[in-house]
Amino acid sequence: MQELLAQYQSVTAPEVLKWVNVGKAKDFPENGGACIKYKNKQIAVFNFARESTWYACQNLCPHKLEMVLSRGMIGDKEGIPKVACPMHKKTFSLKDGNNLNGEDYKIAVYPVKIEAENVYIGFID
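According to our numbering, the sequence shown is numbered sequentially starting from -11.
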């Protein structure tokens, strides 16, 4: 299972080598998530409409090793945008992937941009 987790590594906007079009903005639920597949990765994409911001992270819960984060509830904790795993409610920052419950589990996060009503996620592979 460690090899499954190892395929997910956070990417920052300056590191992006390839922006991938993952769909039209209107096709993603407002204030919710959806899952896309890029190569062998499942990526959760969140339209944080109430903040006018988009986020992307691995869909894999690092605790239960299930592909469920795109179905998690989004919100914020002290101003930090977060997603709660629907299986156990552990919360993760959508900005840097840190576990907001103080545990060691982290998630990979990816930059998102919107151009001409299309959603793009940045990858290094």
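Think of the CB as a built atom: it goes at the ideal place given N, C-alpha and C, for glycine as much as any other residue.
None of these values were measured; they are calculated from a predicted model.
Task: Three-way DSSP call (helix, strand, coil) for residue -10 in this model - done: Against the sequence shown, residue -10 aligns to sequence position 2. Here residue -10 sits in helix by DSSP.
TODO: Give a yes or no on whether the C-beta atoms belonging to residue 7 and residue 102 are separated by under 8 Å.
DONE: By 1-based counting over the sequence shown, the position of residue 7 is 19. By 1-based counting over the sequence shown, the position of residue 102 is 114. No.
Task: C-alpha gap between residue 14 and residue 35, whole angstroms - done: Your numbering for residue 14 matches position 26 in the sequence shown. Your numbering for residue 35 matches position 47 in the sequence shown. Taken atom to atom, the span from the alpha-carbon of residue 14 to that of residue 35 is near 10 Å.
- [ ] Could you give the DSSP three-state label for residue 18: helix, strand or coil?
- [x] Translated into the one-based positions of the sequence shown, residue 18 becomes position 30. Note: residue 18 maps to strand in three-state DSSP.
- [ ] Helix, strand or coil for residue 1, going by three-state DSSP, please let me know.
- [x] Start at 1 with the first residue of the sequence shown, and residue 1 comes out as number 13. Looking at residue 1 - three-state DSSP - the assignment turns out to be helix.
- [ ] Below 8 Å on the Cβ atoms is my guess for residue 65 versus residue 82; work out the distance and round it to an integer in Å.
- [x] Taking the sequence shown and counting its residues from 1, the one referred to as residue 65 is at position 77. Taking the sequence shown and counting its residues from 1, the one referred to as residue 82 is at position 94. Wrong, their Cβ atoms sit about 11 Å apart, outside the cutoff.
Task: Buried or exposed by the 16-neighbour rule on C-beta atoms within 10 Å, applied to residue 48 - done: The residue you call residue 48 lines up with position 60 of the sequence shown. Classification for residue 48: buried.
TODO: Kindly indicate the opening and closing residues of the beta strand (DSSP E) around residue 45.
DONE: Stepping through the sequence shown from its first residue, residue 45 is reached at position 57. For residue 45, the enclosing beta strand (DSSP E) begins and ends at 41 to 46.
Open item on the list: Quick check on the DSSP output: the beta strand (DSSP E) that includes residue 58 runs from which residue to which?
Closed with: In the sequence shown, counting from the first residue as 1, residue 58 sits at position 70. Annotation: residue 58 is outside any beta strand (DSSP E) and is labelled neither H nor E by DSSP.
Task: Spatial distance of residue -3 from residue 12 (CA atoms) - done: Walking along the sequence shown from the start, residue -3 turns up at place 9. Walking along the sequence shown from the start, residue 12 turns up at place 24. If I take the Cα positions, the gap works out to 25 Å.
Task: residue 13 in three-state terms, based on DSSP - done: Reading the sequence shown from its first residue, position 25 is the one you call residue 13. Assigned with DSSP and collapsed to three states, residue 13 falls in helix.
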